[in-house]
Amino acid sequence: MPDLRPAPILPSNVVDLRASEYAASGADLFPLTVRDLTYQAGGTVLIKGIDLTLDAHGVTVIMGPNGAGKSLLLRLMHGLLEPSGGGVTWGGRPLDEAVRRRQAMVFQRPVLLRRSVAANIDFVLRLRGGKDPAHRHDILDHVGLADRADQPARRLSGGEQQRLAMARALATKPDVLFMDEATASLDPASTLVIEDITKAARDRGTKIVFITHDMGQARRLADDVVFMHRGKVLEHSPAAAFFNQPASVEAGDYMAGKIIL
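Going letter by letter, the sequence shown gives residues 0 to 260 in numbering that gives the first Met the number 0.
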């Protein structure tokens, strides 16, 4: 159920992390190349020979009707699923543990530990080399949750929980951040906060790959757009070209609000 409570007014430094400390430097991971990528489950082919190349910059928005394969593609790129055929390479490298540690992912519904807000951040920091109270404070301050550090995560509102999920992802200083419908269950005020945090991460050099059904959100965030239908990528275009003159009939119909079969 969507979180209907208004998001709190955040401090002015909510998107002002120090660039020297948090800047990503993941150019060696790119291009992110998908070649002849196929995925099937239960005998049904769900991803059908996708070819796609993403560069190191900006926000790539993935769009398409329900069942198009957007979340599957994201999980295959992130390494949560093994492809049935083809593969994904990062700057010419296969996905290995070193590459995996330089990524993070935020889901539609926050996946949080049943611990305090601070302990959720400390958990990922320990996995990446040790507890760092100063870094934890900075990242919670960045998302407007520093004053809730000792509060149980489950007592946060839906919007606050998603901000904590973003904080936990950003605490690892990822070069690539995958976001799967990260604002779909949020009220408009919380959505705008998540968008601001996303844009700040992009501006610091983190590559963002963002799934959304919200056309307005796509227009606000996208530098380029990947449009999917029936397990295939029908087009990949700069955002202005996609929104002004989509190359496929299906994308045009989708933007017009028509049902795509």
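Think of the CB as a built atom: it goes at the ideal place given N, C-alpha and C, for glycine as much as any other residue.
| At which residues does the beta strand (DSSP E) containing Ala40 begin and terminate? | Along the sequence shown, one-based indexing puts residue 40 at 41. Leu31 to Ala40 is the extent of the beta strand (DSSP E) around Ala40.
| said: List, from N- to C-terminal side, the alpha helix (DSSP H) runs of 4 residues or more that fit wholly inside the region 39-82. | reply: 69-77
| task | Report yes if the C-beta distance between Phe177 and Gln102 is below 9 Å; otherwise report no. | result | For the purposes of this step, residue 177 is taken as the residue at position 178 of the sequence shown. For the purposes of this step, residue 102 is taken as the residue at position 103 of the sequence shown. Contact: yes.
| Length of the line joining the Cα atoms of Asp35 and Lys47 | On the sequence shown, position 36 is the one that residue 35 refers to. On the sequence shown, position 48 is the one that residue 47 refers to. Roughly 8 Å separates the two Cα atoms.
| said: What does the alpha-carbon distance come out to for the pair Trp89 and Arg99? | reply: As a first step, residue 89 is located in the sequence shown; it is residue number 90 there, counting from the start. As a first step, residue 99 is located in the sequence shown; it is residue number 100 there, counting from the start. Going from the Cα of Trp89 to the Cα of Arg99 covers about 10 Å.
| Inter-residue Cα distance where the pair is Glu96 and Lys257 | Position 97 of the sequence shown holds residue 96. Position 258 of the sequence shown holds residue 257. Those two C-alpha atoms are separated by around 42 Å.
| said: Going by C-alpha to C-alpha distance, which of Ala118, Val123 and Thr182 sits closest to Arg147? | reply: Taking the sequence shown and counting its residues from 1, one reaches residue 147 at position 148. Checking every option, the nearest Cα to that of Arg147 belongs to Ala118.
| query | At which residues does the alpha helix (DSSP H) containing Ser189 begin and terminate? | reply | Translated into positions along the sequence shown, residue 189 becomes position 190. Here the alpha helix (DSSP H) through Ser189 covers Pro187 to Asp202.
| Of the listed residues Leu169, Asp252 and Pro187, nearest to Met104 (C-alpha basis) | Walking along the sequence shown from the start, residue 104 turns up at place 105. Nearest of Leu169, Asp252 and Pro187 to Met104, Cα basis: Leu169.
| Ala22 versus Thr205: straight-line alpha-carbon distance, rounded | Mapped onto the sequence shown, residue 22 falls at position 23. Mapped onto the sequence shown, residue 205 falls at position 206. Interpretation of Ala22 is limited by its pLDDT of 41, a score under 50 that renders its predicted location unreliable; no figure is taken from the coordinates.
| query | Under the three-state reduction of DSSP, which class applies to His141: helix, strand or coil? | reply | Taking the sequence shown and counting its residues from 1, the one referred to as residue 141 is at position 142. In the structure shown, His141 sits in a helix (DSSP, three-state: H, G or I).
| field | Residue of Gly129, Gln161 and Leu112 minimising C-alpha distance to Pro151 | value | Taking the sequence shown and counting its residues from 1, the one referred to as residue 151 is at position 152. When only C-alpha atoms are compared, the closest one is Leu112.
| Beta carbon of Met62: closer than 8 Å to some heavy atom of the ligand FMN? | Questions concerning the ligand FMN fall outside what the structure shown contains, since it holds no ligand whatsoever.
| request: Would you mind stating whether Gly25 and Met227 have Cβ atoms separated by less than 9 Å? | output: For this step, residue 25 is matched to residue 26 along the sequence shown. For this step, residue 227 is matched to residue 228 along the sequence shown. No. Outside cutoff.
| message | Which same chain residues end up closer than 6 Å to Ala255 when comparing Cβ atoms and leaving out the 5 residues on each side of it in sequence? | response | Taking the sequence shown and counting its residues from 1, one reaches residue 255 at position 256. Cβ within range, chain order: n/a, list empty.
| request: Specify, as a first and last residue, the run of the alpha helix (DSSP H) that Leu28 falls within. | output: Here residue 28 refers to the residue found at position 29 of the sequence shown. Unbroken run through Leu28: none, as it is neither H nor E.
| task | Kindly confirm or deny that the region 243-252 and the region 219-234 touch, where touching means at least three C-beta pairs closer than 8 Å. | result | yes
| request: Rounded to whole angstroms, what's the CA-CA distance from Pro30 to Asp137? Just pull it up for me. | output: For the purposes of this step, residue 30 is taken as the residue at position 31 of the sequence shown. For the purposes of this step, residue 137 is taken as the residue at position 138 of the sequence shown. The alpha-carbon atoms of Pro30 and Asp137 are separated by roughly 31 Å.
| If you follow the beta strand (DSSP E) that Leu169 is part of, which residue opens it and which one closes it? | The residue you call residue 169 lines up with position 170 of the sequence shown. Taken as a continuous stretch (DSSP letters only), Leu169 belongs to no beta strand (DSSP E), being part of the alpha helix (DSSP H) at Gly157 to Ala170.
| said: Please identify the residue among Ser115, Ala67, Leu51 and Asp202 whose C-alpha is closest to the C-alpha of Ala164. | reply: Working through the sequence shown from its first residue, we reach residue 164 at position 165. The option with the nearest alpha carbon to Ala164 is Ser115.
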